[in-house]
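S.K.:
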Amino acid sequence: MAIPVEMKDLTFVYRGARKPAIKNINLRIMNGEFVVVTGPTGCGKTTLCRCFNGLIPHFHHGKMIGQIKVNGVETRERKVSDLSQTVGFVFQDPENQLVALNVERELAFAPENLGLPREEIKARVEEAIEMVGIDHLRSNAPYELSGGEQQRVAIASVLTLKPSILVLDEPTSNLDPVSAKKVVILLKQLNKEYGMIIILIEHRLDLVAPYSSRVLVMSNGEIVVEGEPRKALSNDYVEKLGVGIPRILKLFKGLGVVRDGQNLPLTPDEAIRILI
Ligand SMILES: Nc1ncnc2c1ncn2[C@@H]1O[C@H](COP(=O)(O)OP(=O)(O)O)[C@@H](O)[C@H]1O
Ligand SMILES: [Mg+2]
Numbered sequence: 017m018a019i020p021v022e023m024k025d026l027t028f029v030y031r032g033a034r035k036p037a038i039k040n041i042n043l044r045i046m047n048g049e050f051v052v053v054t055g056p057t058g059c060g061k062t063t064l065c066r067c068f069n070g071l072i073p074h075f076h077h078g079k080m081i082g083q084i085k086v087n088g089v090e091t092r093e094r095k096v097s098d099l100s101q102t103v104g105f106v107f108q109d110p111e112n113q114l115v116a117l118n119v120e121r122e123l124a125f126a127p128e129n130l131g132l133p134r135e136e137i138k139a140r141v142e143e144a145i146e147m148v149g150i151d152h153l154r155s156n157a158p159y160e161l162s163g164g165e166q167q168r169v170a171i172a173s174v175l176t177l178k179p180s181i182l183v184l185d186e187p188t189s190n191l192d193p194v195s196a197k198k199v200v201i202l203l204k205q206l207n208k209e210y211g212m213i214i215i216l217i218e219h220r221l222d223l224v225a226p227y228s229s230r231v232l233v234m235s236n237g238e239i240v241v242e243g244e245p246r247k248a249l250s251n252d253y254v255e256k257l258g259v260g261i262p263r264i265l266k267l268f269k270g271l272g273v274v275r276d277g278q279n280l281p282l283t284p285d286e287a288i289r290i291l292i
């Protein structure tokens, strides 16, 4: 089976820019993964994610060197509209993504644009409503919804294209902590129950690291640290970059109570297990 995402020495320079926004990225993402991408503002997270669904190089122009393949095919050779059926992309601000008068119409929009038969469109809308748990919102207008509800609708509207990979660019940054947590739990459910690959750009690591299988830390356009979240986020270099590492991990690192070979905790529950 083809590798879901494979980047080889991928570098991209936006048109008119003097230096690359991402450089020499080598990355493979496999089935079942929940990847968190983090790093200081301007380090290239959004640029990296624009490569997964072909927005780079097809929509944002510039010079792309190296290679990115999705399911074994170079994105250069595929249209964004084709790629959107493999890679769903959810933006930071759902308001910009929602266009229709009610939620059901919103969800039908993308499959209608594919020219699918009516029955198929209906089935996909129902499935997305079920997956995301928004049955009670189906007749509401997107602008009447709370930020968290809008973000769920934005996710559902992408799911109607049946992607196997979901990329989300800081989807919780405008949400309160409770709504943000609900969105992250939904992503974990899509990952576990539906086997979707999740690629999540996020700086609230307290919130997302416990759900992730791998963390990528970027700086200056490069992936500088990556790995299992407890290990990657224990790295001193990550703290120096100003990445907001989980407080509990920082505390336990400082206390020095974790034995050699044992992982630092990401959550209070993990911390308690270390102490007892
Ligand atoms: N559309 C664009 N055109 C030109 N430069 C861009 C564009 N988008 C981002 N950049 C530049 O690329 C670099 C990386 O930005 P970005 O990928 O948005 O970082 P992040 O998402 O980590 O904040 C920055 O220097 C930014 O100014
Ligand atoms: Mg960004």
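Going left to right, the sequence shown walks through residues 17 to 292 as the numbering used here numbers them. Beta carbons: idealized from backbone N, C-alpha and C, even for Gly.
1. Output yes or no for whether 8 Å exceeds the beta carbon distance between residue 158 and residue 119.
2. Considering only DSSP beta bridges, list what residue 238 is partnered with.
3. Which residue spans inside the region 224 to 286 form an unbroken alpha helix (DSSP H) run of at least 4?
4. Which of helix, strand or coil does DSSP assign to residue 57?
5. Quick one: is the Cβ of residue 76 within less than 7 Å of any heavy atom of ligand 1?
6. Between the beta-carbon of residue 18 and the beta-carbon of residue 88, is there less than 8 Å?
7. Going along the chain, which residues of its own chain have a beta-carbon closer than 8 Å to the beta-carbon of residue 255, five neighbours each way excluded?
8. Taking the continuous beta strand (DSSP E) assigned at residue 83, which residues delimit it?
9. Cβ-heavy atom distance between residue 61 and ligand 2 below 7 Å?
10. Would residue 233 be called buried (16 or more neighbouring beta carbons within 10 Å of its own) or exposed?
11. Near residue 182, which residues of its chain fall below 6 Å by C-beta distance, leaving aside the five closest residues on each side in sequence?
12. So, are the CB atoms of residue 230 and residue 218 less than 8 Å apart?
13. Look at the Cβ atom of residue 50, then the Cβ atom of residue 210, and state whether they are nearer than 8 Å.
14. Expressed to the nearest angstrom, what Euclidean distance is found between the alpha-carbon atoms of residue 194 and residue 80?
15. Quick check for students: name the residue ranges of the alpha helix (DSSP H) that lie wholly in the region 100 to 130, counting only runs of 4 or more.
16. So who's on the other strand from residue 24, going by DSSP bridges?
17. Provide the residue(s) that pair with residue 194 in DSSP beta bridges, ordered along the chain.
M.R.: Result, derived from the coordinates:
1. Yes; because the gap between Cβ atoms is below 8 Å, this pair is in contact.
2. The partner list for residue 238 (beta bridge, DSSP) reads 235.
3. Taking only runs of at least 4 residues, the alpha helix (DSSP H) segments lying wholly in the region 224 to 286 are 245 to 248, 252 to 256 and 263 to 271.
4. Residue 57 falls in the coil class under three-state DSSP.
5. Yes, the beta carbon of residue 76 sits closer than 7 Å to at least one heavy atom of ligand 1.
6. For residue 18 and residue 88, yes; Cβs fall inside 8 Å.
7. Once the five neighbours on either side are set aside, the close Cβ partners of residue 255 are 261 and 266.
8. Following the DSSP letters along the chain, one finds residue 83 inside the beta strand (DSSP E) bounded by residues 78 to 86.
9. Distances from the CB of residue 61 to the heavy atoms of ligand 2 include at least one below 7 Å.
10. Label assigned to residue 233: buried.
11. So the list reads 104, 212 and 214, once near-sequence residues are dropped.
12. No.
13. Contact: no.
14. The alpha-carbon separation between residue 194 and residue 80 amounts to approximately 39 Å.
15. Scanning the region 100 to 130 for uninterrupted alpha helix (DSSP H) segments of 4 residues or longer gives 119 to 129, listed from N- to C-terminal end.
16. Looking at the DSSP assignment, residue 24 forms a beta bridge with 83.
17. Residue 194 has no beta-bridge partner at all, per DSSP.
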